[in-house]
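Below is one structure; the comments refer to it alone.
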Amino acid sequence: MIRTRPRLDLTRATAGTLALAVLAVLLGMGALFFWQSVPVWKSEGIGGFLTGKQWFYRHERYGLWTMLFGTGAVALIAMLVAVPLGLGAAIFTSEFLSPKTRLVVKALVELLAGVPSVVYGLLGVLLLRNWIYEGLDLRTGDTLLTGGILLGIMVLPTVMTLCDDALQAVPARFRRAARGLGLTRQETILHAVLPQARSAILASILLGFGRATGETIAVFLVIGRQDNRSPDFSALVSPGQTLTSKLGGSELNIAYGDSLHWGAMMGVASVLLLISILVTVGGRRLLRRP
Amino acid sequence: MKFPCAAIAGSLLLLAGCGGDRPASTSTLKITGSTTVNPPVAEAADLLREARGWTIHVDTQGGSSGGVAAVGEGRAQLGMASRPLTIKDAAKFPEAQLVTTTIGSDALAIVVSKDVWDGGVKGLTKTQVRDIYESKTTNWKELGGPDQEIVFFNKEPGRGTWEVFAAWAYGGDANAAPPVSHPEVGANAEARTKVASTRGGVTQLSSAWTDGETVFALAVDGTSPTPEAIASGAYPISRPLNLLTDGEPAGMAAEFIEFMLGPEGQALLPAHGYQPLP
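Quick note, the sequences are listed as chains A and B, same order. Take the position in the first sequence, starting the count at 1, then add 1; the result is the number in my numbering. Take the position in the second sequence, starting the count at 1, then add 13; the result is the number in my numbering.
This is the structure:
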């Protein structure tokens, strides 16, 4: 045990102030968005705003339902793409690669996680949209499915590298004990390692989900931005709208100066902020659980 | 470049001479708004940058309404708008005094993709356009075209193009347009690309952006948007191209408008497919 150093009160105070400042920015932002969105909550009611199926500002109708559906649908599709691939790749890097190779592969994957989203968006416009349009013979290639697959590819590196960390965190003695009991390598991973890493893997998935719900520009480019499409199964292969693509469009400019319309846009922002906070906090809590 | 440099330099010198009583402004001119008004304005800005050494920023944030908002909030000296100003615009920015200067006009075309055009749809009536907009007509074969679903790309409501379209289709009142559900497009280039790359595609587009190779302008109520038909007023959907200022134009903004209204500026309009002022 190292001798405890005397407390540096200045350091503590500075760090504490900065931490509080970060918290204040977050709370301030949330409060500002909510404050600005009050007109729409008043006009539509909380339930009405969240579940309203119509968004048409010319008639002052504001409902988030199709956008919530769009956000949920693209994030779920993204997870369907990213989780099997990411977890599979993580099992490979963590359990089958030598530590040296693993670090090289991980560095490359993390490089992918840093590629600006607009670049993914352009790839989506260039390739994915057309594949989906021609491959599935749809009305247009801009669909929730396109956005979801693109997002899946985007969050794949995040999910993979976090899952890999989760698996690495499982102490080696579990593997040794399992092998000692005569389990094969596959059985060891399936029955000893994965259960131990379960909550951390869930956390990685949730964090990937959070990134998918908040992503804007790449989604904006391939989603089609169609309001008022009733949420049903075929809506997945039709153009749609997400909370982020609504905020990313030029409607903010139009809304400015009109308190109700602006309030509705800020309402979209508030709901988006709330979703991303909930998902992130949930993910962090899972991550901390032993 | 469309004109001999010497002629431009000469006329600019003349212009500069006329405006000699004003102090030479060395600040920056910011212009923003409609992607429709943008091409001739951007070219004028290029010419003025070169000839007068001005610093001019031109961009197209948020289309016409973005232009109105930018001038209303004082973020730009000049706004571009491809629609007339509305009472609502004025109400949104009570502190600004929005002044419109029309620099030319444009026809709004209903454009379709190649398969629709080649399939025999060459024109629509206002009623037919409205039925497409309201999704009452959903297949081109109902309009004498190929058996192909109609994919309507709606210009974002609030964009100049949409406002002019909706006002034309719904008896002069854009607010009478019913809520619809279509994929939306923003800038003109995006609208053109989407229609060009989608079978059965149709959208509202500035006639200057129709090229007759990838997207095709339909006749509306029997009249095609040819330059002659637009100039004579026979083509039914046209609109002013406006520059907006807060208060009467002054300083660089005034000089810019002066240039746009002068012979050089007016010559830029047909060069980009628009109508100059009569």
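Glycine residues also receive a C-beta, built at the ideal position from the N, C-alpha and C atoms. Just so it is clear, the structure is predicted and the values come from calculations on it, not from any experiment.
Would you call residue i buried or exposed, if buried means 16 or more other Cβ atoms sit within 10 Å of its Cβ?
i: methionine 30 (chain A); result: exposed
i: threonine 58 (chain B); result: First, the amino acid is wrong: residue 58 (chain B) is alanine here, not threonine. By the 10 Å Cβ count, alanine 58 (chain B) comes out buried.
i: proline 238 (chain B); result: buried
i: asparagine 201 (chain B); result: buried
i: lysine 43 (chain A); result: exposed
i: valine 71 (chain B); result: buried
i: glutamine 169 (chain A); result: buried
i: glutamate 277 (chain B); result: buried
i: glycine 17 (chain A); result: exposed
i: isoleucine 278 (chain A); result: exposed
i: isoleucine 92 (chain A); result: buried
i: histidine 262 (chain A); result: buried
i: lysine 101 (chain B); result: exposed
i: phenylalanine 97 (chain A); result: exposed
i: leucine 11 (chain A); result: exposed
i: aspartate 165 (chain A); result: buried
Could you name the residues of chain A that residue i contacts, counting a contact when the two beta carbons are closer than 9 Å?
i: lysine 105 (chain B); result: Tyr257, Gly258, Asp259
i: asparagine 188 (chain B); result: Arg59, His60
i: glutamine 74 (chain B); result: Ser251, Asn254
i: glycine 171 (chain B); result: Tyr58, Arg59, Ser251, Glu252, Asn254, Ile255, Ala256
i: glycine 85 (chain B); result: Tyr257, Gly258
Measuring straight from C-alpha to C-alpha, what distance separates residue i and residue j?
i: cysteine 31 (chain B); j: leucine 256 (chain B); result: In this predicted model, cysteine 31 (chain B) has a pLDDT of only 40, less than 50, meaning its place in the structure is not dependable enough to derive any value.
i: methionine 273 (chain B); j: glutamine 279 (chain B); result: 6 Å
i: methionine 155 (chain A); j: glycine 157 (chain B); result: 44 Å
i: serine 246 (chain A); j: arginine 180 (chain A); result: 50 Å
i: arginine 212 (chain B); j: aspartate 128 (chain B); result: 6 Å
i: glycine 89 (chain A); j: leucine 60 (chain B); result: 58 Å
i: glycine 258 (chain A); j: valine 171 (chain A); result: 55 Å
i: alanine 198 (chain A); j: alanine 167 (chain A); result: 6 Å
i: glycine 189 (chain B); j: alanine 94 (chain B); result: The sequence given here has alanine at residue 189 (chain B), not glycine. If you take the alpha carbons of alanine 189 (chain B) and alanine 94 (chain B), they lie about 21 Å apart.
i: proline 159 (chain B); j: alanine 114 (chain A); result: 45 Å
i: glutamate 176 (chain B); j: alanine 83 (chain B); result: 18 Å
i: threonine 159 (chain A); j: leucine 109 (chain A); result: 12 Å
i: valine 120 (chain A); j: glutamate 241 (chain B); result: 44 Å
i: arginine 13 (chain A); j: leucine 19 (chain A); result: 10 Å
i: isoleucine 202 (chain A); j: leucine 163 (chain A); result: 7 Å
i: serine 210 (chain B); j: proline 53 (chain B); result: 26 Å
i: glutamate 268 (chain B); j: glutamate 203 (chain B); result: 32 Å
i: phenylalanine 50 (chain A); j: leucine 244 (chain A); result: 13 Å
Would you call the CB atoms of residue i and residue j closer than 7 Å?
i: glutamate 49 (chain B); j: threonine 73 (chain B); result: The identity of residue 49 (chain B) in the sequence shown is threonine, whereas the question assumes glutamate. Contact: no.
i: phenylalanine 166 (chain B); j: proline 196 (chain B); result: yes
i: arginine 143 (chain B); j: alanine 180 (chain B); result: no
i: isoleucine 232 (chain A); j: phenylalanine 35 (chain A); result: Reading the sequence as shown, one finds proline at residue 232 (chain A) and not isoleucine. No, Cβ-Cβ distance for proline 232 (chain A) and phenylalanine 35 (chain A) is not below 7 Å.
i: glycine 85 (chain B); j: glycine 46 (chain B); result: no
i: glycine 149 (chain A); j: valine 75 (chain A); result: yes
i: tyrosine 134 (chain A); j: glycine 142 (chain A); result: yes
i: glycine 211 (chain A); j: valine 116 (chain A); result: no
i: threonine 41 (chain B); j: isoleucine 270 (chain B); result: no
i: glycine 284 (chain A); j: leucine 195 (chain A); result: no
i: valine 41 (chain A); j: glycine 268 (chain A); result: yes
i: serine 118 (chain A); j: alanine 219 (chain A); result: yes
i: glycine 225 (chain A); j: methionine 161 (chain A); result: no
Between the options, which has its C-alpha nearest residue i's C-alpha?
i: histidine 295 (chain B); options: B:Thr223, B:Thr258, B:Ala247, B:Ile250; result: Nothing about residue 295 (chain B) can be read from this structure; chain B reaches only from 14 to 291.
i: phenylalanine 178 (chain B); options: B:Val54, B:Ile145, B:Pro240; result: B:Ile145
i: glutamate 252 (chain A); options: B:Thr211, B:Val112, B:Gly173; result: B:Gly173
i: asparagine 229 (chain A); options: A:Leu146, A:Thr67, A:Val238, A:Leu86; result: A:Thr67
i: serine 118 (chain B); options: B:Pro97, B:Ala109, B:Arg143; result: B:Pro97
i: arginine 176 (chain A); options: A:Ile190, A:Asp165, A:Asp143, A:Leu113; result: A:Ile190
i: threonine 216 (chain B); options: B:Thr258, B:Val112, B:Val125, B:Arg88; result: B:Val125
i: threonine 217 (chain A); options: A:Leu273, A:Cys164, A:Ala25, A:Val280; result: A:Leu273
i: leucine 288 (chain A); options: A:Ser205, A:Gln242, A:Gly209, A:Gly250; result: A:Ser205
i: glutamine 242 (chain A); options: A:Val106, A:Trp56, A:Ala91, A:Val160; result: A:Trp56
i: threonine 258 (chain B); options: B:Ala266, B:Lys168, B:Ser251; result: B:Ala266
i: arginine 252 (chain B); options: B:Leu121, B:Thr68, B:Pro52, B:Ser78; result: B:Leu121
i: threonine 94 (chain A); options: A:Gly122, A:Arg103, A:Leu86; result: A:Arg103
i: proline 192 (chain B); options: A:His60, A:Val105, A:Ala25; result: A:His60
i: isoleucine 276 (chain A); options: A:Leu24, A:Glu45, A:Thr72, A:Leu33; result: A:Thr72
i: serine 38 (chain A); options: A:Ala22, A:Lys54, A:Tyr63; result: A:Tyr63
Residue i versus chain A: which residues are under 7 Å apart at the beta carbon?
i: glycine 92 (chain B); result: The premise fails here: glycine 92 (chain B) is roughly 11 Å from chain A at the closest Cβ pair, so nothing lies under 7 Å.
Name the chain B residues that come within less than 7 Å of residue i, Cβ to Cβ?
i: phenylalanine 141 (chain A); result: Looking at the sequence provided, one finds threonine at residue 141 (chain A) rather than phenylalanine. Val164, Pro196, Thr211, listed in chain order.
i: phenylalanine 57 (chain A); result: Pro192
i: proline 240 (chain A); result: Pro196
Report the neighbours of residue i on chain B: residues whose CB is nearer than 8 Å to its CB, in chain order.
i: glutamine 227 (chain A); result: Ser194, His195, Pro196, Glu197
i: proline 85 (chain A); result: Neighbours of proline 85 (chain A) on chain B: none; closest Cβ ~30 Å, over 8 Å.
i: arginine 230 (chain A); result: Ser194
Quick one: is the Cβ of residue i within less than 6 Å of any heavy atom of the ligand NAP?
i: arginine 212 (chain B); result: Looking for the ligand NAP in the displayed structure turns up nothing, as the structure carries no ligands at all.
Interface residues of chain A around residue i at Cβ under 8 Å?
i: serine 78 (chain B); result: Ser251, Asn254, Ile255
Any beta carbon from chain C within less than 7 Å of residue i's own beta carbon?
i: alanine 82 (chain B); result: Although the question refers to chain C, the structure presented lacks it and instead comprises the protein chains A and B.
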